[in-house]
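What follows is a set of notes on a single structure, which appears directly below.
There are 2 protein chains.
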Amino acid sequence: MVESGAEVRYTTAERLPEDLRGADALFVWDFRCTGVEAAWLAADALQWVHVAGAGVDAVLFPALRDSDVVLTNSRGVFEGPIAEYVLGLVLTFAKDFAGTFAAQRERRWQHRETERIDGSAVVIAGTGPIGRAVARTLRSVGMRVEGIGRTRRDHDPDFGVVRGFDQLTRRLPHADFVVAASPLTERTEGMFNASTFAAMKPSARLINVGRGALVVTEDLVAALRDGVIAGAALDVFDTEPLPTSSPLWTMPAVLVSPHMSGDFVGSLPALAELFVDNYRCWLSGNPLRNVVDKRLGYVPTRASGG
Amino acid sequence: MVESGAEVRYTTAERLPEDLRGADALFVWDFRCTGVEAAWLAADALQWVHVAGAGVDAVLFPALRDSDVVLTNSRGVFEGPIAEYVLGLVLTFAKDFAGTFAAQRERRWQHRETERIDGSAVVIAGTGPIGRAVARTLRSVGMRVEGIGRTRRDHDPDFGVVRGFDQLTRRLPHADFVVAASPLTERTEGMFNASTFAAMKPSARLINVGRGALVVTEDLVAALRDGVIAGAALDVFDTEPLPTSSPLWTMPAVLVSPHMSGDFVGSLPALAELFVDNYRCWLSGNPLRNVVDKRLGYVPTRASGG
Numbered sequence: 361m362v363e364s365g366a367e368v369r370y371t372t373a374e375r376l377p378e379d380l381r382g383a384d385a386l387f388v389w390d391f392r393c394t395g396v397e398a399a400w401l402a403a404d405a406l407q408w409v410h411v412a413g414a415g416v417d418a419v420l421f422p423a424l425r426d427s428d429v430v431l432t433n434s435r436g437v438f439e440g441p442i443a444e445y446v447l448g449l450v451l452t453f454a455k456d457f458a459g460t461f462a463a464q465r466e467r468r469w470q471h472r473e474t475e476r477i478d479g480s481a482v483v484i485a486g487t488g489p490i491g492r493a494v495a496r497t498l499r500s501v502g503m504r505v506e507g508i509g510r511t512r513r514d515h516d517p518d519f520g521v522v523r524g525f526d527q528l529t530r531r532l533p534h535a536d537f538v539v540a541a542s543p544l545t546e547r548t549e550g551m552f553n554a555s556t557f558a559a560m561k562p563s564a565r566l567i568n569v570g571r572g573a574l575v576v577t578e579d580l581v582a583a584l585r586d587g588v589i590a591g592a593a594l595d596v597f598d599t600e601p602l603p604t605s606s607p608l609w610t611m612p613a614v615l616v617s618p619h620m621s622g623d624f625v626g627s628l629p630a631l632a633e634l635f636v637d638n639y640r641c642w643l644s645g646n647p648l649r650n651v652v653d654k655r656l657g658y659v660p661t662r663a664s665g666g
Numbered sequence: 361m362v363e364s365g366a367e368v369r370y371t372t373a374e375r376l377p378e379d380l381r382g383a384d385a386l387f388v389w390d391f392r393c394t395g396v397e398a399a400w401l402a403a404d405a406l407q408w409v410h411v412a413g414a415g416v417d418a419v420l421f422p423a424l425r426d427s428d429v430v431l432t433n434s435r436g437v438f439e440g441p442i443a444e445y446v447l448g449l450v451l452t453f454a455k456d457f458a459g460t461f462a463a464q465r466e467r468r469w470q471h472r473e474t475e476r477i478d479g480s481a482v483v484i485a486g487t488g489p490i491g492r493a494v495a496r497t498l499r500s501v502g503m504r505v506e507g508i509g510r511t512r513r514d515h516d517p518d519f520g521v522v523r524g525f526d527q528l529t530r531r532l533p534h535a536d537f538v539v540a541a542s543p544l545t546e547r548t549e550g551m552f553n554a555s556t557f558a559a560m561k562p563s564a565r566l567i568n569v570g571r572g573a574l575v576v577t578e579d580l581v582a583a584l585r586d587g588v589i590a591g592a593a594l595d596v597f598d599t600e601p602l603p604t605s606s607p608l609w610t611m612p613a614v615l616v617s618p619h620m621s622g623d624f625v626g627s628l629p630a631l632a633e634l635f636v637d638n639y640r641c642w643l644s645g646n647p648l649r650n651v652v653d654k655r656l657g658y659v660p661t662r663a664s665g666g
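So the sequences go chain by chain: A and B.
Residues in the first sequence are numbered consecutively from 361, following the numbering used here.
Residues in the second sequence are numbered consecutively from 361, following the numbering used here.
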């Protein structure tokens, strides 16, 4: 569809400084790509950058932020899958499936009592579309959720109550599960650190489906090692792929997955379709969907303040 | 509470032929206990048998069925936990957590796309309280469920549609997940066999939280080995504990758990409380709760036909 009305260049981060010259729009397939900054001097005609991901932290840099170039993301593709994934991780902890798999490998019949999730409490950091989808899904199975976000709100349709980031440490002692689903910004970087872990229940588990750098990894390793918290399921890491030397791979009660919580069979066509829809808007001069507030670092949630 | 108004004898299956003599009521803690039949001649005063489980197949035998002794079960304790457990197993398959754990053990960063559960189809065999709780939970996260039970019903509050057992093979081709949650009776024994597996999608998974003997194990092993179906999560087995010689322990895409889907931290006190409540009814001459229809082999669901 795009090829019929435009000159399309398929390029790589390495060739971008050459291929970006004269281009009106840039579609970044790899949300981890940091190559746009290095090619920025060649962006002589660029009006629009679209990212095939939810988080734009890797793509965004000061010169892009300060320019007139519009940045859009792929909001709408990953929310539902990630919410299902988080629910699966919650149940994996509650029902101790890891223990069951381990016993099975040894042909060991080891009966245990496990945890109910009905009525258990979840603090979700991040009240954008992903945090909201997680909140709705966990509530639908009887969990008590609350949100931590930029804007305090008493009657939120998805969360019930949203409290400000400054209340995080005060709310963590109530949580059985803590879900990190914030975009990575100056405000959220390192929000899970020694002092926030110290506020959590020793029985609590952290689930990170946002960005690795929301968590101070060293502090997390210490908190897990010292029993400050009971476990962590990590789909994102400050360095990806996670280096084989990382202690996280082998710590008990740590589930490592390779940044895949939102990636379902069919997500690539869905991402392509979303871009094409936006391209149609752009061609016809209509407003683009999913425009990132480059100062905030994410797409503000309409009428809810993100 | 019971001890203050009655002579209480704590006994074992071995000592039951001696201790049952003169007893008015028998509380069977182990739902697997088959010792009541061997002690039956000593049941000279017995009026009531209560089982601390949902299925009464092991405890029930012809002479008990044909007697005036009332049999009650522990309906109300296990439904919610089992529904959560089944949802966890569904997500374990859909999100390939077993593959993720295996990659983690090898420090292997192996990105995959996984399945959505939203919109996928589930056939639940068994429309008693456990099947109903499973249906409600799976529907709440967007799965399309239908029930197979004794009585056909077009507008069921939990299932939407319930079809008769004779429709099982006709409905299986539509299912992504098949949940076995029936009581074990003459009608349901071996209902999952070579011919029902042949009706399932090659991509479908079987989840058994009912009784092992609902499934013909040999046929299941063959169906899994030959790719007739894609996987099975089994919490119950025709022989428990599952013998170490069973091929199920090591088959790929088979999850073995030790009959624990309903057992949560707090289930033992809940089971005791349920018995004490019923004991109060019995003392005061009020109708007992959870009376098993001994001919059917389970507690009929009120106004819904089980």
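Using N, Cα and C, we set each Cβ at its ideal position, and we do this for glycine too.
- Nearest C-alpha to D595 of chain B among B:V411, B:A541, B:L634: B:A541.
- Ranked by how close their Cα comes to the Cα of E549 of chain A, the residues A:A463, A:F525, A:V501 have A:F525 in first place.
- Cβ contact annotation for P647 of chain A (same chain, cutoff 8 Å, sequence separation greater than five): C641, in chain order.
- Contact of E444 of chain A with chain B is assigned, a C-beta pair being separated by under 7 Å.
- Contacts with chain A (Cβ-Cβ distance below 7 Å) from the stretch 455 to 473 of chain B involve K455, F457, A458, T460, F461, Q464, R467, W469, Q470, H471, R472, E473, listed in chain order.
- Counting only Cβ-Cβ distances below 7 Å, L602 of chain B has contacts in chain A at W469, in chain order.
- The residues G395, A399, in chain order, have a CB closer than 6 Å to that of L376 of chain B in the same chain once the five nearest residues on each side in sequence are set aside.
- By the neighbour-count criterion, in which 16 or more other beta carbons inside 10 Å mark a residue as buried, Y370 of chain B falls on the exposed side.
- Near chain B, meaning a CB-to-CB distance below 8 Å, the residues of the stretch 473 to 485 of chain A are E473, T474, E475, R476, I477, D478.
- Rounded to the nearest whole angstrom, the CA to CA distance from F552 of chain B to M560 of chain B is 10 Å.
- It is roughly 11 Å from the alpha-carbon of A554 of chain B to the alpha-carbon of D586 of chain B.
- Annotation for A632 of chain B: the continuous alpha helix (DSSP H) segment containing it runs 627 to 643.
- Within the stretch 609 to 640 of chain A, W609, T610, V614, L615, V616, S617, P618, H619, M620, S621, D623, F624, V625, G626, S627, L628 place their CB atoms closer than 9 Å to a CB of chain B, listed in sequence order.
- Proximity of chain B to S500 of chain A at the Cβ level (cut-off 8 Å) is accounted for by S500, V501, in chain order.
- Under the DSSP definition of a beta bridge, Y658 of chain B partners with B:D653.
- By the criterion of at least three beta-carbon pairs nearer than 8 Å, the stretch 507 to 523 of chain A is not in contact with the stretch 376 to 395 of chain A.
- Between T610 of chain B and D456 of chain A, the alpha-carbon positions lie close to 19 Å from each other.
- Judged by pairs of C-beta atoms under 8 Å, the stretch 472 to 482 of chain B does not touch the stretch 619 to 626 of chain B, as fewer than three such pairs exist.
- Chain order gives the chain A residues near P441 of chain B as R476, where near means a beta carbon separation below 7 Å.
- About 5 Å separates the Cβ atoms of V538 of chain A and V483 of chain A, confirming a contact at the 8 Å cut-off.
- T545 of chain A has its alpha-carbon roughly 6 Å from the corresponding atom of G657 of chain A.
- Beta-bridge pairing by DSSP links D516 of chain B to B:G520.
- Setting aside the 5 residues that flank it on each side, A481 of chain B is surrounded in the same chain by R504, H534, A535, D536, each with a C-beta closer than 6 Å to its C-beta; the list follows chain order.
- Scanning chain A for C-beta atoms nearer than 8 Å to the C-beta of T497 of chain B yields V501, reported in chain order.
- CA-to-CA, the gap between R472 of chain A and V569 of chain B works out to about 15 Å.
- Going by beta carbons, L528 of chain A and I508 of chain A fall inside the 7 Å limit.
- Below 8 Å, too few C-beta pairs join the stretch 596 to 609 of chain B and the stretch 429 to 441 of chain A to call them touching: fewer than three.
- The beta-carbon of G448 of chain B is placed less than 7 Å from the nearest beta-carbon of chain A.
- Distance from the CA of R499 of chain A to the CA of P517 of chain A, rounded to the nearest whole angstrom, comes to 11 Å.
- With respect to chain A, the C-beta atom of L451 of chain B has a partner C-beta closer than 7 Å.
- Straight-line spacing of the CA atoms in F519 of chain B and V501 of chain B works out to 14 Å.
- In the DSSP assignment, L401 of chain B falls outside any beta strand (DSSP E), carrying neither H nor E.
- Residue state for E578 of chain B is assigned as helix, using DSSP reduced to three classes.
- According to the DSSP assignment, A385 of chain A belongs to no alpha helix (DSSP H) but to the beta strand (DSSP E) extending over 385 to 388.
- Bridge partners of A485 of chain B according to DSSP: B:I508, B:A540.
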